[in-house]
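The opening residue of the sequence shown carries number 51 in the working numbering; numbering runs sequentially from there. Ideal placement from N, C-alpha and C gives every residue a C-beta, glycine not left out. Working notes, beginning with the structure itself.
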Amino acid sequence: MRHPDIAPEVVAALDARRPVVALESTIVTHGLPRPRNLSLAREVEATVRAEGAVPATVAVLDGRLRVGLSDAELARLARTDGVAKLSRADLAACMATGGTGATTVAATMIAAARAGIAVFATGGIGGVHRGWESSLDISADLQELAQTPVTVVAAGAKAILDLPTTLEVLETLGVPVIAVGQDEFPAFWSRRSGLSAPLRMDDPAAIARAHRTRAALGLAGGQLVANPVPDEAEIPAEEIAPLIARAAAEIAARGVTGKAVTPALLARLLELTDGRTLEANAALVLNNARLGARIARELTGMA
Ligand code: PSU
Ligand code: MN
């Protein structure tokens with residue numbers, strides 16, 4: 051059996067060297083509430099198409115690692131309860147047991163790289179969790195960026211994480227962190243984090259060239275492109291910070307650990323902000339889909 055199982059439209063685009071953008075599915079199953087999860091997933095795919103690229107949403111359906119889902123498959127995933135959240139550690143086990151699961155940033159990168167897709171757009175990556183000194187909770191997304199050659203477009207990392215430590219770990223792992231349009235590393239719902247990004251590139255062509263140059267040098271791993279949330283949708287850092295602290299404390303007190311932490315924090319912040327985090331999330335994901343398609347276009351133009 052060959053893996054992954056790539057949709058015919060995606061195969062045709064890759065064979066013709068037309069741009070393709072991979073998309074993850076954990077944001078659909080664990081990151082956003084219904085029914086907005088499905089409508090946003092559809093808008094993200096439409097945005098990639100409007101920018102001249104082919105979207106390829108990744109998930110495991112009935113044991114098959116799929117790259118490119120039909121609308122009916124996307125809808126089924128968005129409406130199903132209890133879908134597994136898959137990272138590098140559990141991807142193969144889910145496939146081997148015929149299961150269904152959504153792919154995180156790490157697992158989506160693995161599928162994209164195997165399919166020959168260079169660019170992947172999402173909302174935010176996982177990172178080093180606050181309290182890592184005792185929990186050792188560091189997202190597998192960071193190690194994946196260090197070893198799998200995919201350029202990941204995200205709005206930085208959520209301020210539910212320990213952002214300075216996340217940047218330190220990315221530097222240690224040799225992952226380029228490239229801010230777009232500003233010098234500061236963006237913090238998902240907020241444009242500002244108070245931390246300067248290690249690199250800045252405002253032009254998708256430069257980001258594509260950097261991707262190519264890494265490959266030419268034989269460097270393992272990808273790039274993290276940190277694209278700030280659009281102005282009109284941002285929740286300023288000073289507004290969200292106390293709510294994050296409150297949500298994180300509540301979740302720790304409930305004994306939530308491991309892979310349940312990120313979904314629980316996102317769900318609680320949605321309540322605490324009366325849905326504002328959802329609209330910021332939607333705006334930033336669409337913005338990342340647009341930039342991802344532009345980078346993919348530049349990459350295919352160089353082929
Ligand atoms: N950021 C979001 N929504 C999400 C995620 C990140 O705004 O749903 C998901 C991504 O799939 C990411 C994962 O890879 O959370 C990280 O989870 P963890 O912290 O357990 O590694
Ligand atoms: Mn974790």
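Endpoints, the beta strand (DSSP E) within which residue i is located
i           : result
residue 228 : 227 to 229
residue 47  : Outside the displayed range of the chain (51 to 353) lies residue 47, so it cannot be described from this structure.
residue 273 : 273 to 276
residue 105 : 104 to 111
residue 267 : Looking at the DSSP string, residue 267 is not in any beta strand (DSSP E); the run it does join, the alpha helix (DSSP H), is 254 to 267.
residue 171 : 169 to 171
residue 72  : 70 to 73
Delimiting residues of the alpha helix (DSSP H) encompassing residue i
i           : result
residue 318 : 311 to 322
residue 302 : 287 to 303
residue 129 : 121 to 129
residue 350 : 326 to 351
residue 145 : 141 to 146
Collapsed DSSP secondary structure at residue i in the structure displayed
i           : result
residue 224 : coil
residue 97  : helix
residue 198 : coil
residue 59  : helix
residue 206 : strand
residue 218 : helix
residue 179 : strand
residue 115 : strand
residue 189 : coil
residue 88  : helix
residue 64  : helix
residue 211 : strand
residue 307 : coil
residue 166 : coil
residue 284 : coil
residue 174 : coil
residue 80  : helix
residue 270 : coil
Any non-hydrogen atom of ligand 3 within 8 Å of residue i CB
i           : result
residue 311 : Ligand 3 is not part of this structure, which contains only ligand 1 and ligand 2.
Residues bridged to residue i [DSSP beta-bridge criterion]
i           : result
residue 135 : 152
residue 240 : 237
residue 250 : 229
residue 245 : According to DSSP, residue 245 bridges with nothing at all.
Residue i versus residue j: straight-line alpha-carbon distance, rounded
i           : j           : result
residue 163 : residue 220 : 20 Å
residue 339 : residue 296 : 31 Å
residue 156 : residue 116 : 15 Å
residue 316 : residue 81  : 7 Å
residue 197 : residue 272 : 7 Å
residue 101 : residue 334 : 16 Å
residue 207 : residue 292 : 17 Å
residue 148 : residue 112 : 5 Å
residue 184 : residue 307 : 12 Å
residue 325 : residue 331 : 10 Å
residue 240 : residue 274 : 17 Å
residue 209 : residue 237 : 6 Å
residue 135 : residue 269 : 29 Å
residue 250 : residue 54  : 33 Å
residue 301 : residue 187 : 14 Å
residue 259 : residue 349 : 8 Å
residue 232 : residue 160 : 29 Å
residue 105 : residue 230 : 22 Å
residue 305 : residue 314 : 11 Å
residue 244 : residue 122 : 42 Å
residue 141 : residue 150 : 10 Å
residue 265 : residue 218 : 23 Å
residue 189 : residue 76  : 14 Å
residue 224 : residue 344 : 25 Å
residue 91  : residue 124 : 8 Å
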